[in-house]
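Enquirer: I'd like to ask you about the structure that follows.
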Amino acid sequence: MNFCSQCGHKVSLRIPAGDNRERHVCDHCGSIHYQNPRIVAGCLPVHGHQVLLCKRAIEPRYGLWTLPAGFMENGESTEEAALRETLEEARAEVVLRKLYTVSSILHVNQVQMIYLADLPEAHFGSSEETLETRLFSEDEIPWDELAFPTIRNALRFFFADRAETSPSFPLRHLALSPGHEELLLES
Ligand SMILES: [Zn+2]
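In this text, residue positions in the sequence shown follow my numbering: the first is 89, and each later residue adds one.
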């Protein structure tokens, strides 16, 4: 950030009075421009014994597989965002079952929330953001062609939880640090 969105003058990076970290502060009008993590919401759609993945038609990670997910819009809930992104990217109408993974991705300042969801009908499609959408059984998952570590984690948890005698799919908390080191903080 170089200029103040309130008055257009230059901003500088400094610690405001009473704060403890650097912020972009306007030298002219004194506005403090806080920057905070953004929330990504999405779904892990399940149809029978298969899960639905999307092949990305956009950068980053063009051509790699992911779960339908994207940035929340103002004025919507995380549930609405997850449903909207699944409809937009996979053309799929799902029923949310429960919040499943919450990942703090420290190096990109994002929090990703993935809901476990049922896909009642095998209806889905591609979109401007998706080259191809398809159902995968566990032994078909393209583990080496997944777009993000958070997606790999969600799928790993899902198949491990599903293998339990009476699966409960507990909420998983994850923090991914700048070195992509994955710290597991299970609840
Ligand atoms: Zn200003």
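Just so it is clear, CB atoms sit at the ideal spot from N, CA and C, and this is done for glycine as well.
1) Below 8 Å, how does it come out for the segment 259–267 and the segment 164–172: are there three or more Cβ pairs, yes or no?
2) From the DSSP output, in three-state form, read off T189 for me.
3) Would you identify the three-state DSSP class for I120, choosing helix, strand or coil?
4) What are the uninterrupted segments assigned as beta strand (DSSP E) that are 3 or more residues long and contained completely in the segment 227–264, given in chain order?
5) Measure from the alpha carbon of W153 to the alpha carbon of each residue in F247, E226, R240, K186, then state which is nearest.
6) Which two residues bound the contiguous alpha helix (DSSP H) that contains A169?
7) Sorry if obvious, but does the Cβ on H116 come closer than 8 Å to a heavy atom of ligand 1?
8) Can you tell me whether L194 is helix, strand or coil according to DSSP?
9) Would you say the beta carbon of S119 is closer than 8 Å to some non-hydrogen atom of ligand 1?
10) Using only CA atoms, which one of L155, V128, S100, F91 lies nearest to E164?
11) Kindly examine ligand 1 and report whether one of its heavy atoms sits closer than 8 Å to the Cβ of F112.
12) Taking the beta carbon of F212 as the centre, do at least 16 other beta carbons fall within 10 Å, making it buried, or is it exposed?
13) Could you check the C-alpha separation between L223 and V190 for me, to the nearest Å?
14) Below 8 Å, how does it come out for the segment 139–154 and the segment 108–121: are there three or more Cβ pairs, yes or no?
15) With distance defined between alpha-carbon atoms, name the residue in A248, E209, T221, A210 nearest to D227.
16) Within a Cβ cutoff of 7 Å, which residues of the same chain sit near S225, ignoring the five residues on either side of it in sequence?
17) With a CB to CB cut of under 7 Å and the five nearest residues on each side skipped, what residues in its chain are close to E274?
Expert: Reading off the structure:
1) no
2) strand
3) strand
4) You should have 260–264.
5) R240
6) 166–178
7) Correct: H116 has its Cβ closer than 8 Å to ligand 1.
8) helix
9) Ligand 1 has a heavy atom closer than 8 Å to the beta-carbon of S119.
10) V128
11) First, the amino acid is wrong: residue 112 is His here, not Phe. Checking every heavy atom of ligand 1 against the Cβ of H112, none is found closer than 8 Å.
12) buried
13) 23 Å
14) no
15) Distance check between D227 and each of A248, E209, T221, A210 places A248 closest, using alpha-carbon atoms only.
16) H137, Q138
17) Interpretation of E274 is limited by its pLDDT of 48, a score under 50 that renders its predicted location unreliable; the figure taken from the coordinates is listed afterwards. Here the set comprises R260, H261.
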